[in-house]
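Report on one structure; see the data block that follows.
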Amino acid sequence: MSVRQSLLAILDQGACYGYQVRAEFDHRIGSTWPVNVGQIYSTLDRLVRDGLVDRDESGDDGQTYFEITAAGRTEVAGWLSSPVVRSTSTRDELTIKLALAVTLPGVDIAQVIQVQRAATFRTLQELTRTKNATENPESAEELAWLLVVDSLIFQAEAEVNWLDHSEARLLRASVKPFPLSTEPVRKGRPARSEK
Amino acid sequence: MTAPLLRLDGVSMQYGSGETSVTALSGIDLTVERGELVAIMGASGSGKSTLLTIAGGLTVPTSGEVVIDGHWVSQLSVRQLAALRRKTLGFVFQDFNLIPALTAIENVSLPLELDGWKVKRARRAAKDALSVVDLSDRETHYPSDLSGGQQQRVAIARAVVGGRSLILADEPTGALDSTTGELVLRMLRSRVDAGAGGILVTHDARHAAWADRIVFVRDGRIIDDAAASRIENVLV
């Protein structure tokens, strides 16, 4: 997720000094994504380094202001108008856990799924309660918060659906898990095959 | 401690007999308290809708007992059971089941009028019920003039009118879009929070999450109840 683009989008609304940038960030989305002030300043430094923001210390109030450059505006516009590319990595802990468990003899995979589903349902219920407490958002901040809660709800629902699907798939499948291999394993890299 | 609003003890349901018999439900134990919404989840054919019709006294189980608001259903005459259903139970179905020739307020007041209420009193109660589901401005509209979400809200008003305390909802959001479905669930939730009890049959995890407790049914049996947990704390 990009603190960088978010800060840039805030600065696109007008020049701000460091703490002001942090306050704006907190005010808008900080409740769902807490970022410490050190991270804000280091990100601003990188934006200056990359020519997306200018540092201005000429103000009468002694503050250092950060002002977006033309290149910065182009980057914000590009960010807002282009899709977020999702990672297709399979390194999600739950995915790996189920994938590994299905190969291990003696593991009750149905129980693994059941325990996870119960936990995910608890999360889903908690999120739904949270949403129910804010029926009609009265500010853009509340609306932003609800969008985030909705997103978490849909993610939890997707996880439950995937667990249900996996359970059904396991019931249908007739494959067995396998024990540790008794074949000796050579050290080092696999030998290059002869052509 | 007060008795639960609904109790199912060892309820089983079998269709047919001999080799061709089909077991729809087997040994179901379930309670619903006042102020509690219980979601029943399961795949198609798992028995969840049969469970709902038994809970509502519409179907007589092959064995086991159903106790609604302290009344043992098996000991009631047909007339007594019908009266209990009218006074205590409200059904909400996926396809709304409103009477097309009646306006919203007439649909809601009809069960009370059938129960012997004076028309004026029944209409007053129906008016209040429609106001609770934010449909005061649609009282005189016919179902065909209402959106799906509005029709389902009329059905919820009909389910709770006159102090009915047990709402049995079978896929109430099945025919609605996501946002409208959420509005209907919010209404259902608020009626339960106001003291009713409810069962929500659904195959949708996101909808089941509106419940206090989620019960999973597979092949006619409850396979997991408390595991999905009851949430004790009201979150902010």
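Protein sequence lines correspond, in order, to chains Y and C.
Position 101 (the first sequence) corresponds to 221 in this note's numbering; numbering is contiguous.
Position 38 (the second sequence) corresponds to 869 in this note's numbering; numbering is contiguous.
Note that the Cβ used here is the ideal one computed from N, Cα and C, for glycine as well.
Whole-angstrom C-beta distance between residue j and residue i, which should lie under 8 Å
i	j	result
ALA870 (chain C)	VAL1046 (chain C)	7 Å
ALA1036 (chain C)	GLN245 (chain Y)	About 10 Å; that fails the 8 Å criterion.
LEU131 (chain Y)	VAL173 (chain Y)	6 Å
ARG955 (chain C)	LEU966 (chain C)	Rounded, the Cβ-Cβ distance is 15 Å, inconsistent with contact.
ARG193 (chain Y)	PHE186 (chain Y)	ARG193 (chain Y) to PHE186 (chain Y), Cβ: 14 Å. No contact.
VAL222 (chain Y)	PRO297 (chain Y)	7 Å
ARG1017 (chain C)	GLU262 (chain Y)	Not confirmed; about 16 Å, so no contact.
ALA964 (chain C)	ALA988 (chain C)	It is worth fixing the name first, because residue 964 (chain C) is Val in this sequence and not Ala. VAL964 (chain C) to ALA988 (chain C), Cβ: 5 Å. Contact.
GLN159 (chain Y)	VAL123 (chain Y)	6 Å
ILE936 (chain C)	THR890 (chain C)	Incorrect: roughly 31 Å between the Cβ atoms, too far for contact.
ALA957 (chain C)	VAL939 (chain C)	4 Å
Any C-beta of chain Y under 9 Å from that of residue i
i	result
ASP1043 (chain C)	yes
ARG1037 (chain C)	yes
ARG1022 (chain C)	no
ALA935 (chain C)	no
ARG1052 (chain C)	no
SER1060 (chain C)	Low local confidence applies: a pLDDT of 41 at SER1060 (chain C) is under 50, so the model's placement there is unreliable, and no value is given.
ARG1017 (chain C)	yes
ALA1025 (chain C)	no
ALA1000 (chain C)	no
GLY847 (chain C)	no
ALA1040 (chain C)	yes
ASP840 (chain C)	no
Interface flag, residue i vs chain C, CB-CB below 9 Å
i	result
LEU264 (chain Y)	One detail in the question is off: residue 264 (chain Y) reads as Ala in this sequence, not Leu. Chain C, which has no Cβ nearer than 9 Å to the Cβ of ALA264 (chain Y), makes this no.
LYS315 (chain Y)	With a pLDDT of 48 at LYS315 (chain Y), under the threshold of 50, the modelled position of this residue cannot be trusted, and the question is left open.
ASN156 (chain Y)	no
GLU258 (chain Y)	no
LEU247 (chain Y)	yes
ILE273 (chain Y)	yes
VAL268 (chain Y)	no
ALA276 (chain Y)	yes
GLU255 (chain Y)	yes
LEU244 (chain Y)	yes
VAL280 (chain Y)	yes
PHE241 (chain Y)	yes
In DSSP terms, what residue i is bridged to
i	result
GLY921 (chain C)	C:ILE998
MET844 (chain C)	C:LEU856
TRP903 (chain C)	C:VAL898
VAL863 (chain C)	C:LEU837
ILE1053 (chain C)	C:VAL1048
PHE186 (chain Y)	Y:CYS136, Y:ARG175
ALA870 (chain C)	C:LEU1031, C:ILE1045
Distance between residue j and residue i (C-alpha atoms, nearest Å)
i	j	result
TRP153 (chain Y)	SER857 (chain C)	48 Å
LEU929 (chain C)	ALA1042 (chain C)	25 Å
PRO942 (chain C)	ALA953 (chain C)	9 Å
GLY179 (chain Y)	GLY134 (chain Y)	14 Å
THR184 (chain Y)	LEU224 (chain Y)	59 Å
VAL863 (chain C)	GLY1029 (chain C)	7 Å
SER843 (chain C)	VAL898 (chain C)	14 Å
ALA932 (chain C)	ASP959 (chain C)	21 Å
ARG808 (chain C)	ASP1008 (chain C)	Residue 808 (chain C) lies beyond the range of chain C shown here (832 to 1067); nothing can be said about it.
ILE998 (chain C)	VAL991 (chain C)	7 Å
LEU836 (chain C)	ALA129 (chain Y)	54 Å
SER975 (chain C)	LEU1031 (chain C)	25 Å
LEU883 (chain C)	ASP1024 (chain C)	21 Å
VAL280 (chain Y)	THR240 (chain Y)	7 Å
THR919 (chain C)	GLY980 (chain C)	24 Å
GLU213 (chain Y)	SER286 (chain Y)	15 Å
ARG917 (chain C)	ASP968 (chain C)	26 Å
SER271 (chain Y)	ALA278 (chain Y)	11 Å
ALA872 (chain C)	ARG166 (chain Y)	It should be noted that the sequence gives Met, not Ala, for residue 872 (chain C). Cα-Cα distance, rounded: 51 Å.
LEU267 (chain Y)	ILE273 (chain Y)	10 Å
THR163 (chain Y)	GLU258 (chain Y)	31 Å
GLN125 (chain Y)	THR243 (chain Y)	29 Å
ALA276 (chain Y)	ARG306 (chain Y)	43 Å
Proximal residues to residue i (C-beta, below 7 Å), its chain only, five neighbours per side dropped
i	result
SER171 (chain Y)	Reading off the sequence, residue 171 (chain Y) comes out as Gly, not Ser. Here the set comprises THR189, ALA191.
GLN925 (chain C)	ASP1001, GLU1002, PRO1003, GLY1005, ALA1006
ALA834 (chain C)	GLY901
VAL1065 (chain C)	The predicted position of VAL1065 (chain C) is uncertain, since its pLDDT is 28 and thus under 50; no value can be drawn from it.
ASP840 (chain C)	ASP860, GLY895, GLU896
THR893 (chain C)	SER843, MET844, GLN845
VAL269 (chain Y)	LEU247, THR250, LYS251
ALA886 (chain C)	LEU837, LEU839, VAL897, LEU999, ILE1030
Same chain, Cβ closer than 8 Å to residue i, neighbours up to 5 away in sequence not counted
i	result
ALA855 (chain C)	MET844, GLN845, TYR846, GLY878, THR881, GLY1051
ILE317 (chain Y)	One cannot answer for residue 317 (chain Y) here, as it falls past the ends of chain Y, which runs 121 to 315.
SER996 (chain C)	LEU836, ARG865, ASP900, THR919, GLY1026, ALA1027, GLY1028
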